[in-house]
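Residue numbers (the UniProt record's numbering): 1 to 448.
Just so you know, even glycine gets a beta-carbon here, dropped at the ideal spot from N, CA and C.
Everything numeric in this text was worked out from a predicted model, so none of it was measured.
The structure under discussion appears below in the form of structure tokens.
Okay, here's the thing in structure tokens:
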């Protein structure tokens with residue numbers, strides 16, 4: 001009798017370069033693919049609305065691709081530590097394979113499952129599929145983790161080259177009779193009342209095939225101008241791969257090896273490095289989304305929140321054209337150009353003097369590429385409280401940023417042609433207030 005192999009898909013919704021799937025194929029037994037929607041385990045952060053929309057469509061694409069090759073995707077909802085053993089029991093599986101995750105709650109779940117399943121005689125193995133380098137493999141000369149990006153990335157580049165991506169399987173030996181699966185529609189991942197996802201549907205096509213096409217298009221058409229035009233929000237020079245990488249529809253190994261041989265790829269590849277840096281930081285500081293990485297920022301004297309200011313920022317009605325354009329692009333498409341992300345975040349934290357957590361929570365709910373590392377990591381970077389952070393006194397002037405990076409106002413005209421004419425705050429006065437507040441931080445103790 002066969003003892004099937006279970007492949008537990010998580011943030012790796014692809015068939016190509018999927019080490020867990022390859023291990024199951026190499027084991028030679030029938031395979032069952034499983035995805036668990038776990039929003040109940042301790043510490044697991046429920047997905048935001050835009051992320052749920054993307055997940056629905058990416059799972060639909062993965063299910064279809066598995067079915068075309070002879071496999072099947074079983075959907076289950078609930079705590080993974082309960083669901084996975086139940087699927088093992090339902091199928092009499094002899095092995096479970098997955099690709100590693102790096103947040104503390106996810107690592108705790110995986111460690112618990114490994115122990116429990118192995119105690120029951122089930123083969124369990126996990127693999128590196130989401131990062132070019134595991135967090136414990138990139139260390140300083142003293143054996144500690146890096147807190148500054150440039151030496152971190154230099155250390156990464158000094159390591160052996162990332163492994164070659166694994167080929168996509170042409171056939172999958174699925175188990176003869178798959179156990180019961182939830183209906184994807186029953187998970188209600190898509191918005192209905194109201195349906196605010198029209199702009200997402202117009203902008204994106206989730207799924208592995210679309211991710212591969214986007215990578216090819218970027219390398220062929222945009223990489224040559226990336227370093228020159230990446231900061232211009234109207235130029236269309238960015239890769240738009242961030243949600244693909246977030247959901248694992250394409251692996252960083254594939255992106256690396258297809259880009260590295262292309263002239264002028266260094267700047268783009270360093271953005272992969274920044275993604276790695278964020279995840280390595282989360283690995284070492286699991287509370288990145290809730291606590292200031294630099295403890296002296298705990299003393300920052302945030303004034304009492306003005307809900308009208310937060311609401312104006314979220315709606316793109318601040319009267320600051322570049323900020324409003326970015327926030328409206330975000331609401332419509334689930335995405336915002338990276339330069340504009342920095343400007344809108346700086347405006348919230350340093351002109352409106354609103355705690356960065358509020359902005360991080362809004363981006364978590366509205367970005368299709370929000371993940372557990374990059375979202376809080378980048379908010380802390382802008383706020384000045386994070387790793388290798390922009391100094392707090394570096395306050396982006398959104399008017400100067402617009403003149404420099406959108407001089408013809410093409411981006412502003414596209415997204416905020418009807419924005420309010422007058423800013424809700426005075427940029428100069430609020431800058432002074434922010435610097436005065438920062439003086440408190442400079443005098444605060446640096447140890448928790």
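For residue 441, the three-state secondary structure derived from DSSP is helix. Here the alpha carbon of residue 264 sits roughly 18 Å from the alpha carbon of residue 253. Restricting attention to 60, 400, 28 and 381, the CA atom closest to the CA of residue 321 is found in 400.
For residue 282, the enclosing alpha helix (DSSP H) begins and ends at 266-284. Check the Cα spacing between residue 355 and each of 387, 393 and 300: the tightest is with 300. Of the other Cβ atoms in all chains shown, fewer than 16 fall within 10 Å of the Cβ of residue 157; this residue is therefore exposed.
In this structure, the straight-line span from the alpha carbon of residue 330 to that of residue 318 is close to 15 Å.
Contact annotation: the region 184-191 touches the region 48-57, with at least three C-beta pairs closer than 8 Å. Exposure of residue 391 is indicated by the presence of fewer than 16 other C-beta atoms within 10 angstroms of its C-beta. Nearest to residue 18 by C-alpha distance, out of 173, 127, 102 and 117, is 127.
Closest in C-alpha terms to residue 36, from the list 72, 77 and 70, comes 77. Contact between residue 276 and residue 131 holds, with the beta-carbon distance rounding to 6 Å and staying under 8 Å. Along the length of the region 190-214, whole alpha helix (DSSP H) runs at least 4 residues long occupy 198-203, reported in chain order. In the three-state reduction of the DSSP assignment, residue 99 falls in the strand class, which pools E and B. Its Cα nearest to that of residue 244, the residue 13 stands out among 6, 13 and 7. Under the Cβ criterion (8 Å, minimum of three pairs), the region 404-418 does not count as touching the region 301-313.
In the three-state scheme derived from DSSP, where H, G and I count as helix and E and B as strand, residue 20 is classed as helix. Taken through DSSP and simplified to helix, strand or coil, residue 32 comes out as strand. About 13 Å separates the Cβ atoms of residue 220 and residue 237, ruling out a contact at the 8 Å cut-off.
Using a 10 angstroms sphere on the CB of residue 444, the tally of other CB atoms stays under 16, which defines it as exposed. The continuous beta strand (DSSP E) containing residue 75 extends over residues 73-77. The closest CA to that of residue 125, considering only 133, 113, 136 and 134, is found on 113. A straight-line Cα-Cα distance of about 11 Å links residue 66 and residue 74. In this structure, the beta-carbon distance from residue 104 to residue 286 falls below 7 Å. The beta strand (DSSP E) runs of length 3 or more contained entirely in the region 104-143 are, from start to end of the chain, 123-127. Taking residue 266 as reference, the option from 224, 62 and 231 with the minimal CA-CA separation is 224. A Cβ-Cβ contact shorter than 7 Å links residue 303 with residue 353.
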